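2 protein chains.
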Amino acid sequence: MRPSPAVPPAPAASSPGAARGRTRLANNAWEAAFTAHSTLMRQFAAEDVWAGLSMREYDVLYTLSKCDTPQRLGDLSGHVLLSQPGLSRLVDRLVERGLVERCVDPKDARAANLTLTEAGRAVQRTVGRAHGASVAAAMTARLTDEELALLETLSLKLVSDPDSLPEEHP
Amino acid sequence: MRPSPAVPPAPAASSPGAARGRTRLANNAWEAAFTAHSTLMRQFAAEDVWAGLSMREYDVLYTLSKCDTPQRLGDLSGHVLLSQPGLSRLVDRLVERGLVERCVDPKDARAANLTLTEAGRAVQRTVGRAHGASVAAAMTARLTDEELALLETLSLKLVSDPDSLPEEHP
DNA sequence: GTTAGTTACATGCGTACGCATATAATCGGC
DNA sequence: GCCGATTATATGCGTACGCATGTAACTAAC
């Protein structure tokens, strides 16, 4: 569903003629992927594993947990679907809860340099294990190993970065 | 990425032993799909095609445009990633903007029965065409026809409904 | 060294959202 | 036909978000 395809039945005319089907193919794929994402997100959000965190907040903890070096706000903003001010305040809340620390970078006093506290790391691990189990249950219930691997490959390829977007007709 | 996998390196022990890899496979697939979704959503949201609508608002217009019969709030709520009160107020805004009409159902006076106005249908078509073009551009730039079809198939299968969730070990 | 320009983050303000709850209509049993 | 239970939607309230803008720190040209 949703912010998805929406190319109506197509007025038939215009364009190379054969590209029509390709456009529909792309939109159908996006709508299906979008719907799947929505459905799973709703399902995961309903799980009682979040320890009072929103999924976005957990997302930040998870991202930090994967980085061994301190991250700046700007680094995280590329990974989280949230505006810069939104992310700034989200981190505020995590700091207030004692899950994240804001350290000052001696090289650049415009600050940031975020690190998980021990408590933050513990919470991430706990929530991560439970959420990971939910994810695995949902995904393996319907897809085979080959399909899972294929989905990963397609998803990675879909947002790979071959110098931004290639031309329409190179 | 994000509200995604997070199953850490795995403590090795426990479980059938072979299911470990399957769990990781599932979590990797989800994380990749999640990241792709995030990236594309950000990209689509940045496009200047929304005519002052949020993507969720467009989503509702799109969903309504696909239904020939009037829809109730409850029908829509299954399709949009939004709480029932949130959807109620979102529809309020669309009604205020003259894009949607709330008619009373003679069979059930608890109301709803939402329809697109002519203006609403026009806006949906305009936005839909432009958004659909963006979607097609982004998707076809990186995936072949076969891959697009495959992605659609996998996405549909991922949320197919074989009587809810099967057992862990049937 | 001073200053224009840029980068990194924070804050004010209005809006949208989720949760809990209220209201209103239909349904079932009697 | 009346009353509790259920369904469908709306509202109060507190929180989170995005946009525009502010503030502080770094960079560079002179």
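The listed protein sequences correspond, in order, to chains A and B. For the first sequence, position 41 (counting from the first letter as 1) is numbered 41 according to my numbering, and the numbering increases by one without interruption. Add 170 to a position in the second sequence, counting from 1, and you land on the number used in my numbering. Every residue, glycine too, gets a C-beta built ideally from N, C-alpha and C. All values reported here derive from a predicted model rather than from experimental measurement.
CB contact flag (residue i, residue j, <9 Å)
i	j	result
residue 242 (chain B)	residue 282 (chain B)	yes
residue 231 (chain B)	residue 270 (chain B)	yes
residue 82 (chain A)	residue 90 (chain A)	yes
residue 35 (chain A)	residue 325 (chain B)	yes
residue 63 (chain A)	residue 37 (chain A)	no
residue 23 (chain A)	residue 302 (chain B)	yes
residue 318 (chain B)	residue 130 (chain A)	no
residue 143 (chain A)	residue 328 (chain B)	yes
residue 47 (chain A)	residue 134 (chain A)	yes
residue 150 (chain A)	residue 264 (chain B)	no
Burial state of residue i (16 or more Cβ within 10 Å)
i	result
residue 84 (chain A)	exposed
residue 29 (chain A)	buried
residue 290 (chain B)	buried
residue 310 (chain B)	buried
residue 306 (chain B)	buried
residue 109 (chain A)	exposed
residue 19 (chain A)	exposed
residue 173 (chain B)	Residue confidence is low: residue 173 (chain B) scores 45 on pLDDT, short of 50, so the model does not pin down where it sits. No coordinate-derived value is stated.
Residues near residue i by beta carbon distance below 8 Å, same chain, minus five either side
i	result
residue 152 (chain A)	none
residue 258 (chain B)	243
residue 215 (chain B)	225
residue 219 (chain B)	297, 300, 301 and 304
residue 266 (chain B)	none
residue 316 (chain B)	none
6 Å Cβ shell around residue i - same chain, five flanking residues per side excluded
i	result
residue 228 (chain B)	297
residue 277 (chain B)	none
residue 146 (chain B)	Examination of residue 146 (chain B) is not possible in this model, given that chain B is present from 171 through 340 alone.
residue 68 (chain A)	none
Distance between beta carbons of residue j and residue i, contact taken as under 8 Å
i	j	result
residue 114 (chain A)	residue 102 (chain A)	6 Å
residue 210 (chain B)	residue 308 (chain B)	6 Å
residue 287 (chain B)	residue 268 (chain B)	6 Å
Close beta carbons around residue i, own chain, < 7 Å, minus the five adjacent residues each side
i	result
residue 240 (chain B)	273, 283, 284 and 285
residue 235 (chain B)	286, 291 and 294
residue 160 (chain A)	none
residue 43 (chain A)	138
residue 191 (chain B)	none
residue 178 (chain B)	Any reading at residue 178 (chain B) is ruled out, since the residue's pLDDT is 45, under 50, leaving its predicted position unreliable.
Practice item. May I ask you to list, following chain order, the residues of the segment 305-330 of chain B that have a beta carbon less than 9 Å from some beta carbon of chain A? Key: 305, 306, 307, 308, 309, 310, 311, 312, 313, 315, 317, 318, 319, 320, 321, 322, 323, 324, 325, 326, 327, 328, 329 and 330
Check your understanding: What residues from the segment 195-212 of chain B come within 9 Å of chain A, judged by C-beta to C-beta, listed N to C?
Key -> 195, 196, 197, 198, 199, 200, 201, 202, 203, 204, 205, 206, 207, 208, 209, 210, 211 and 212
Point to revise | Residues of the segment 81-102 of chain A with Cβ closer than 8 Å to any Cβ of chain B, in chain order | key: 81
Exercise for review: Mind checking the segment 270-291 of chain B against chain A and listing, in chain order, the residues whose C-beta falls within less than 9 Å of any C-beta there?
Suggested key: none
Review point. When Cβ atoms are compared, which residues of the segment 229-254 of chain B fall closer than 7 Å to chain A?
Key: Across the segment 229-254 of chain B, CB contacts with chain A closer than 7 Å involve 229, 232, 233, 249, 250 and 251, in sequence order along the chain.
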